[in-house]
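Chains as they are written, first to last, in UniProt numbering: chain A, 1 to 531; chain B, 1 to 304; chain C, 1 to 340. A short write-up of the structure that comes next.
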Amino acid sequence: MTAFSKFLSGSALGLALAVTSLPAGAATPDNMLVIANRIDDITSLDPAQNFEFSGGDVVGNLYGKLVNFDPLDLEAGYQPDLAESWEVSEDGRTITFTMRQGVTFQSGNPVTAEDAAFSLRRAVKLNLNPSFILTQFGLTVENVDDMVRVEDGKLKLTTDKAYATSFVLNCLTANIGAIVDMKTVMEHEADGDMGNKWLSTNSAGSGPYRLVAWKPNESVTFEANPDFYQGAPAMERVIVRHIAESATQRLLLERGDIDIARNLNPEDIAGIADMEGVKIGEELKGYLMYFSLNQAVPELAIPEVRQAFKYMVDYEGMANSFLKGQYTVQQNFLPRSYLGSVDENPFSLDIEKAKALLAEAGVDGLELEIGVREVQDRMEIAQSLQNTFAQAGVKLNITVGTGAQILGRYRARDLDVYLGIWGPDYPDPQTNASTFAWNPDNSDEAQLTGVLAWRNSWDAGGLTEKVEAAVVENNREARAQMYRDIQAEFRETSPFAVMFQNIEQSAMAADIEGFTTGAAITNAAYWNVTK
Amino acid sequence: MNEAHHGLRGWLLSDAPQSRLQARAAALYLGWLAFRANPLAMLGLAILVLLFAVAVFAPWLAPHDPFAQDLANRLQPIGTEGHLLGTDSLGRDILSRLIHGARITLYIVGLVALIAPLAGLLVGTVSGYAGGWIDMILMRITDIFLAFPRLVLALAFVAALGAGIENAILAISLTAWPPYARIARAETLTIRKSDYISAIRLQGAGPLRIITRQIWPLCISSLIVRVTLDMAGIILAAAGLGFLGLGAQPPSPEWGAMISEGRRFILDHWWVATMPGLAIFTVSLAFNLLGDGLRDVLDPKSEK
Amino acid sequence: MAPFPRWATKTGLTLGSIAVTMLGLLFVTFMIGRVMPVDPVLAIVGDRASQEIYQQVYQDLGLDRPLLVQFGLYLRDVMQGDFGTSILTARPVAEDIARVFPATLELATLGTLIGVVLGVPLGVIAAVRRGSWIDQVARVVALVGYSMPIFWLGLMGLLVFYGILGWVGGPGRVSIFYDGMVPSVTGMILLDSMIARNWTVLRDAFSHIVLPASLLGYYSLAYISRMTRSFMLEQLSAEYVTTARVKGMSERQVIWGHAFRNIRVQLITVIALSYAGLLEGSVLTEIIFSWPGIGSYITTALLSADMNAVLGGTVVVGLVFVLLNVLSDLLYKVFDPRAK
């Protein structure tokens, strides 16, 4: 029978069935995990390229790394994963990894040191967005074949300086450290891209899951790896569905059509919290909400003015109203739970003090433009700032744009004030220190567009050297203290007003156990989930 | 003058008008009588008059400053003391914002309703009157803009110029003019060949004079009907842009942007999005009722 | 050489004007994309990228060449059926469109069907009983449809019929666990599940499409019923109708046999227009119902400066619009009594 005649004969019966009985919401199957999330930011699932929030959650479940976190005990720090153990050389510049035996990729190929070396070299050579995480150790396209090598079946990684071991290993827990299956990937190489195009939409790892399909703006489907070396995951199929609206996610959860809703806003969390069969998981994330003052604006470069702005923010008011439960006040550049993070938040809304500081600086009638993305909570923060700034006599004009639009102007040093979120790239204090408090060359020509201090035309006021010293300090406690000192100075003098740290609230069916979004340090993990 | 009627009414209803002015006024008056007999259309007119009044007297009518925030009193329900329609996410009075928002809505509608039909009229009449290759080029351009997905064109335009109310107006106008050009061209084609235009041309009138003095006035009535019926579409398009975050900028109380802000609370605090939704609905409906009534009066096709 | 037959010349002219329109459409979209202050490079390289990576991608995209050269290169590729690669999805734009367009087509077709089936009779009845309560009700129903912000109605509909009553399926095209259960032949799940004879999926897909399609159907109904009414009024006031009535023809025959026959042509144009409108204008409905169609595809792409995707999407939607217009012109000629 042809498809068409099948269709014709089927349609009459089918439509009759369809019209007469519409199904009510049914619970999801026991071996399947269904998650609603915003996943429209995914542009590639190649670990050497992927650098978006929701894409990281996908990659993290597909690949093993040399070292990784245990989702059930994140506070323990990095643990052996595909590398069973490691040794650091005397000069502190070379780490030798011994690979775990008997682990295979999903293709059946064994995981070897060669694969690990290939993966790291590939990431450096492709030179895509996240490559700086590796190249900051002095790895370059030219020298990476020597710096990353295999000797006696072991992987040796050499760096240009004796960095803190914890710094190097923390970086390797980022998704760029994912170990890919060399044979499979190179089979799909096209035009010398080292399999980049193919790996963007496929997976070749040894992780707990295999990628079945990624339909952009629609869904990502995973299938469990029955041979996963830590044991086959209980959830045999995981589907992450793109649902943009909070209200829609909540309705789906209430009807039992999904197991986990990851983007509910505070009002919907409050509305669903008391519902039977639903529970709320809370995890402190690494995202910081901040605004920054462009030092190219003469008035904003005056120290008293910079300080004044930090008193013009209704931190508590916002955290207790429209940000309630999802942001907590944090005025330092290291997220809580990071090495060297501090809990001191000395600023609060004090219009009189701000006015006095402005008067001291002789600044009056300031009018500024703030750039903000068209995301609802940021637009509300901008409006609250507009309101409190006005009370201190500063007129704030809000410019809303798409992410790329606002970011483009920010990178071009074109905004007076920028309001946005910063997320750490790997779970080490260096990730934020090297962007907030480090700027080796403040000239326009330097074009250090990836560095936040540079974008705000701030020379980092002598903190650059302190940041560079901290990253090579191998004594853990001494290193932590150095970051505390840097932040104490940064908090008072920098043109950055860090305001809040994000808390992710996930609403889920009450029988879901073992789900984590990865807190502030890593990605969501599905392989320990049971129901 | 007809003996049976006296005064103004008599003058207007005269069977044998004495002057051009009287004939025109009489036609208008008859139209008004027909229009007045349509209660739905009158309702639409009344709503719009009310809207206009609200917009003019907004600062005196609004019980609160539409921008005054009060985080401690956010998301108050309808009927809260001092906040008849409740408060929004930042604790601002929804009623006051709606009242001030009426100005923005009228501003958008007014400007678009001025720009788009004028542009369409210009292109359409020139195209229809000139004919030949001018007609061909202009109509191809019109086709190109007609073939564009409307919201996409508006979005692209706003994205290119930057978000903001003026740019939203320009963008909507850009998507709205082609149908007017088509209508105006069709009307021009039928008028162009008529005897009296030939007569005027013989008297030595130039094309510019003929288009502006003779053809434009005749196109106006069908355009007015079309514009009135399009008003709702314009309001909804502006609201759609606001909904996507590309219309009016915060803290502006534009109705579409208000829905967009309020839709996050639709399940527990439904009024925050529903009140501006109702406002948009009411005004759109009023324009539609008015347009529908006007069509019955002005559009000869559906008369008789 | 013999002159071309008339139909050939006409076909050539029509094709030529379609080509010119499409070329203009591409050109305008291309230029808008290039003057937009959104940086496509940033969309690729992200927030943290160094200037070095930025420059490299900038050159890879060919953005350092003159605009007209860029447009020429783009046209050359399009002629070969290559719409380029989307930044956002990392796939060929043609492949993306083949995935998202059927979703919109399915929704718009069902919406138009609803609009025609209900709107035409409503319009005819309103015209026949002009001024009666039915006419007034039809008028209010239609004008309310014209006036409702669709995103608000959509959210409310979802809340009431899915959230509270549970009568229909939720957002998306099928329930998540039926995702990918029937092989994709047409890309339209209703058809695909019929071909695969999978009634469970068909029922589920139908329960998901019924609400958004009804919403679009309502808008279509509003437009179609008003236009039908106005066309019918024109016919009913014509002399031949009076003559037919005088001759003693039954009212039913007058209305359906004569008046309605004569408005078929105009009606086709209106339906085609309304169909085209739904195909292009359902962006907001798609967003609210998490419907992965072409409207939301173009919108998302536009906001991220993914210009290959925007251009490809616009061309497809524009082409559909133009083709529908040509088709209705053709039908016009076939059915128009005066053309005979």
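Glycine included, each C-beta is placed from N, C-alpha and C at the ideal position.
Listed along chain C, no residue sits closer than 7 Å to Ser96(B) by beta-carbon distance, the nearest being about 21 Å off. Taking a contact to require three or more Cβ pairs closer than 8 Å, the stretch 323-330 of chain A and the stretch 472-488 of chain A do not qualify as touching. Annotation note: the stretch 395-450 of chain A contains the following uninterrupted alpha helix (DSSP H) runs of length 4 or greater, listed N- to C-terminal: 403-411, 430-436.
In this structure, Gly340(A) is the residue among Ala261(A), Ser54(A), Gly340(A) with its C-alpha nearest to the C-alpha of Asn475(A). From the beta-carbon of Gly277(B), the residues of chain C found nearer than 8 Å are Pro149, Trp152.
Within chain A, the residues Glu267, Asp268, Ala270, Gly271 have their CB atoms less than 8 Å from the CB of Asp268(B), given in chain order. Nearest CB-CB separation between Tyr146(C) and chain B: below the 7 Å threshold. Distance from the CA of Ile381(A) to the CA of Tyr78(A), rounded to the nearest whole angstrom, comes to 35 Å. Residue contact check for Gly163(C) against chain A: a CB pair falls below 7 Å. Excluding the 5 residues flanking it on each side, Trp177(B) has same chain C-beta neighbours closer than 6 Å at Ala116, Ala119, Gly120, in chain order. Counting only the Cα atoms, Glu369(A) lies some 30 Å from Leu264(A). Setting aside the 5 residues that flank it on each side, Ser434(A) is surrounded in the same chain by Val467, each with a C-beta closer than 7 Å to its C-beta; the list follows chain order. Sequence-ordered contacts of the stretch 34-50 of chain A with chain C read Val34, Asp40, Thr43, Ser44 [C-beta pairs closer than 7 Å].
Ala36(A) sits in a strand when the DSSP states are folded into three classes.
A straight-line Cα-Cα distance of about 7 Å links Leu128(A) and Ala48(A). Counting along the chain, no alpha helix (DSSP H) covers Val297(A), and no H or E run does either. In this structure, Phe97(A) and Trp86(A) form a Cβ contact; the two beta carbons are roughly 5 Å apart against a cut-off of 8 Å.
Interface annotation, Pro149(B): in contact with chain C, CB-CB separation under 7 Å.
Nearest to Leu199(A) by alpha-carbon distance, out of Thr28(A), Gln501(A), Leu45(A), is Leu45(A). At least one beta carbon of chain C lies nearer than 7 Å to the beta carbon of Ile239(A).
Contact note: Thr89(C) does not reach chain B at a C-beta cutoff of 9 Å; the least C-beta distance is about 18 Å. When C-beta atoms of the stretch 455-466 of chain A are compared with those of the stretch 292-307 of chain A, three or more pairs fall below 8 Å, so the two segments count as touching. For Glu369(A), there is no enclosing alpha helix (DSSP H); the enclosing beta strand (DSSP E) covers residues 367-373. Nearest to Gln331(A) by alpha-carbon distance, out of Arg484(A), Asp160(A), Ser166(A), Leu155(A), is Arg484(A). The beta carbons of Ala507(A) and Ile280(A) sit closer together than 7 Å. Looking only at Val140(C), Ser282(C), Thr89(C), the smallest Cα-Cα distance to Gly44(B) is reached by Val140(C). In the DSSP assignment, the residues bridged to Ala213(A) are Thr221(A). Between Ser304(C) and chain A, the shortest Cβ-Cβ separation is below 7 Å. Contact holds between the stretch 26-42 of chain A and the stretch 208-219 of chain A, because three or more Cβ pairs, one in each stretch, are under 8 Å apart.
For Asn502(A), the enclosing beta strand (DSSP E) stretches over residues 496-509. In this structure, Asp192(C) sits near Thr186(C), with a CB-CB distance shorter than 7 Å. Here the alpha carbon of Met482(A) sits roughly 16 Å from the alpha carbon of Arg336(A). Contact with chain A is absent for Gly240(B), since none of that chain's Cβ atoms lies less than 7 Å from the residue's Cβ. Between Pro250(B) and Arg97(B), the CB-CB gap reaches or exceeds 7 Å.
Legend: CB atoms of the stretch 43-62 of chain B lying less than 7 Å from CB atoms of chain C are not found in any residue. Residue-level contact check: Asn38(B) does not touch chain C, since none of the beta carbons of chain C fall below 7 Å from its beta carbon.
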